[in-house]
């Protein structure tokens, strides 16, 4: 399966082959449900100048995004994590880049799920 | 499901210390549903140590970047406990964290994987560590 910009489908495909549709849907739902509160935590930490807390929130988003193959979300959150680790500042543009990447996430994940399920049914 | 119930105590007990809910969900599914391990989960370092005190662990998977006491701190404390001196311990780390990996080995970690990891590879590594532990005990 070809990688689409912003998402490497191999991770959801691997999950679909092992755990089937219920696992993939559960993992994607977990991502979509749990990332917005972590972004809110990230924003609040940055607003308070708490770079260690911002770095932890960003790192957590990096991990989740990586495990579902959302490469642009992963890279945007990683950039914030690195800036926070250096004590900041974290420019607003970095958070905007994460917002933009996350806005595409539901569409990318739904498309990847559909293809992953087609692949397992065909296989 | 792959059967994995040695040592007369039922399923082997694996501690997963991980605060990321997505990674946790994937690990729990693969370890318990597919491979028959009993998984005990903690989402911070202090909770991980409490679980380790309460349970008889057969292996541990520790995220290095845990909130509070981090994974390296948990690793160091586990190695101080006589019953966990030889516990198979695998660390989860991120790209660009080579210093953490080196520190983990210095503190007694047996192996590590970098996120994003292949769950199948992680399971294979855990099973290899468990098998090696069985062999070591058999030849000791």
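Protein chains in written order, with the working numbering: chain S, 1149 to 1271; chain D, 2 to 141. Beta carbons are placed, not taken as given, at the ideal position from N, Cα and C, and that holds for glycine.
Query raised in the report: Could one say the Cβ of residue 1113 of chain S lies closer than 9 Å to chain D's Cβ atoms, at least one of them?
Result: Because chain S is modelled from 1149 through 1271, residue 1113 of chain S falls outside the range shown and cannot be assessed.
Query raised in the report: Where does residue 1201 of chain S fall in DSSP's three states?
Result: Counting from 1 along the first chain, the entry for residue 1201 of chain S is found at position 53. Helix at residue 1201 of chain S.
Query raised in the report: Roughly how many angstroms lie between the CA atoms of residue 1204 of chain S and residue 68 of chain D, to the nearest whole one?
Result: Your numbering for residue 1204 of chain S matches position 56 in the first chain. Your numbering for residue 68 of chain D matches position 67 in the second chain. Rounded to whole angstroms, residue 1204 of chain S to residue 68 of chain D spans 8 Å at the Cα level.
Query raised in the report: What's the call for residue 1217 of chain S, buried or exposed, on a 16-neighbour Cβ count within 10 Å?
Result: For the purposes of this step, residue 1217 of chain S is identified with residue 69 of the first chain, where counting begins at 1. It is buried - the Cβ of residue 1217 of chain S has at least 16 other Cβ atoms within 10 Å.
Query - Any beta strand (DSSP E) of 3 or more consecutive residues that is wholly inside the segment 42-95 of chain D - result: 60-64, 90-95
Query raised in the report: Who does residue 112 of chain D pair with in a DSSP beta bridge?
Result: Sequence index remark: in the second chain, residue 112 of chain D carries index 111 (1-based). Paired residues: D:91.
**Report entry** Residue-chain proximity (residue 1173 of chain S, chain D), Cβ-Cβ < 9 Å
**Finding:** Taking the first chain and counting its residues from 1, the one referred to as residue 1173 of chain S is at position 25. Closer than 9 Å: no.
Query raised in the report: Since residue 14 of chain D is in the beta strand (DSSP E), which residue starts that stretch and which ends it?
Result: What you label residue 14 of chain D is simply residue 13 of the second chain in a count that begins at 1. That run of the beta strand (DSSP E) goes 14-18.
Query raised in the report: Can we say the segment 1177-1194 of chain S touches the segment 1205-1212 of chain S, given the rule of at least three CB pairs closer than 8 Å?
Result: yes
Requested in this report: Report all residues from its chain with a CB closer than 6 Å to the CB of residue 1222 of chain S; omit the five preceding and five following residues, and keep chain order.
Outcome: On the first chain, position 74 is the one that residue 1222 of chain S refers to. Contacts found: 1210, 1213, 1214.
Report task. For the alpha helix (DSSP H) containing residue 1179 of chain S, list its first residue and its last residue. Result -> Position 31 of the first chain, counting from 1, holds the residue named residue 1179 of chain S. Unbroken alpha helix (DSSP H) run through residue 1179 of chain S: 1158-1195.
**Report entry** Cα-Cα separation between residue 29 of chain D and residue 40 of chain D, rounded to whole angstroms
**Finding:** Taking the second chain and counting its residues from 1, the one referred to as residue 29 of chain D is at position 28. Taking the second chain and counting its residues from 1, the one referred to as residue 40 of chain D is at position 39. Approximately 7 Å between the Cα atoms of the pair.
Query - Local conformation of residue 1218 of chain S per DSSP, three classes - result: Taking the first chain and counting its residues from 1, one reaches residue 1218 of chain S at position 70. Three-state DSSP puts residue 1218 of chain S in coil, outside helix and strand.
Requested in this report: Take the Cβ of residue 4 of chain D as the centre, count every other Cβ of all protein chains shown within 10 Å, and call the residue buried at 16 or more, exposed below.
Outcome: Numbered from 1 along the second chain, position 3 holds the residue referred to as residue 4 of chain D. Because residue 4 of chain D sits at a pLDDT of 42, beneath the cut-off of 50, its placement in the model cannot be relied upon, and the following sentence gives the value as read from the coordinates. Under this definition residue 4 of chain D is an exposed residue.
Query raised in the report: Below 9 Å between beta carbons: does that hold for residue 110 of chain D and residue 91 of chain D?
Result: The residue given as residue 110 of chain D occupies position 109 in the second chain. The residue given as residue 91 of chain D occupies position 90 in the second chain. Yes, Cβ-Cβ distance for residue 110 of chain D and residue 91 of chain D is below 9 Å.
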